[in-house]
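Number 321 in the numbering used here belongs to position 133 of the sequence shown; there are no gaps in the numbering.
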Amino acid sequence: MKNLKPSFLKLSLLKLSGRQISQISAYCEKIYPEEACGLLIGAAGEGKDHLGGRTVCEVIFTKNISDQPTIRFDIDPAVLLAVMKDGRMKGQKIIGHFHSHPDQNAEASENDRAMISDGNLIWLIVSVMRGRAERMNIYSVHKSLDGFTLKQTLELL
Ligand SMILES: [Zn+2]
Numbered sequence: 189m190k191n192l193k194p195s196f197l198k199l200s201l202l203k204l205s206g207r208q209i210s211q212i213s214a215y216c217e218k219i220y221p222e223e224a225c226g227l228l229i230g231a232a233g234e235g236k237d238h239l240g241g242r243t244v245c246e247v248i249f250t251k252n253i254s255d256q257p258t259i260r261f262d263i264d265p266a267v268l269l270a271v272m273k274d275g276r277m278k279g280q281k282i283i284g285h286f287h288s289h290p291d292q293n294a295e296a297s298e299n300d301r302a303m304i305s306d307g308n309l310i311w312l313i314v315s316v317m318r319g320r321a322e323r324m325n326i327y328s329v330h331k332s333l334d335g336f337t338l339k340q341t342l343e344l345l
């Protein structure tokens, strides 16, 4: 029997406002050709809705501290801790994160899969082609035997 490997599964709904989508796109374009990253914050009391959806109430833009920032991302653990601490005081929590793929599609990469450490976080991946954010995919993490991947695609016009 194979070990259960975490993989991504389609998320029915991530409630992001048009403004948040624009802000994330603009940030990913600004950080291009490096991978941009940031945190998606939700209300601590809010669970998933009946479709498995969650509402993003705040987006926090973080520095990519990876030593290979054009192909990987790392969020500074000190920033993560600070955001978690601040969130507790405001009744918020980290519900997911985003990062960009410079000149790559918005599919979760092998690197991404290897990085999964929290099964509750939502992953948002932005494809930035020639400096322009073109597409976002949203994933939730799902443990499965075969590691299959499904995705919800949101096109940025
Ligand atoms: Zn990635």
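In this text, a Cβ means the ideal position worked out from N, Cα and C, and glycines have one as well. Quick caveat, the model's predicted, so the values are computed rather than measured.
Non-local C-beta neighbours of D264 in its own chain, meaning closer than 8 Å and more than five positions away in sequence, comprise T250, K251 and I253, ordered along the chain.
The count of Cβ pairs closer than 8 Å, one atom from the stretch 316-326 and one from the stretch 254-273, stays below three, leaving the stretches out of contact. Judged by the Cβ position, H285 fails to qualify as a neighbour of ligand 1 at the 7 Å threshold, every heavy atom of the ligand being at least this far.
Look at S254: its beta carbon is at least 7 Å from all of the heavy atoms in ligand 1. Counting the other Cβ atoms within 10 Å of the Cβ of L269 gives fewer than 16, which makes it exposed.
For N299, the shortest separation between its Cβ and any heavy atom of ligand 1 lies below 7 Å.
Judged by their CB atoms, I229 and Q280 are nearer to each other than the 8 Å cut-off. Within the DSSP secondary-structure output, N252 pairs in a beta bridge with I263. Closer than 7 Å to some heavy atom of ligand 1: that does not describe the Cβ of I209. Annotation for Q211: the continuous alpha helix (DSSP H) segment containing it runs G206 to I219. In this structure, the alpha-carbon of L204 lies about 22 Å from that of D300. Under the three-state reduction of DSSP, E234 is assigned to coil, being neither helix nor strand.
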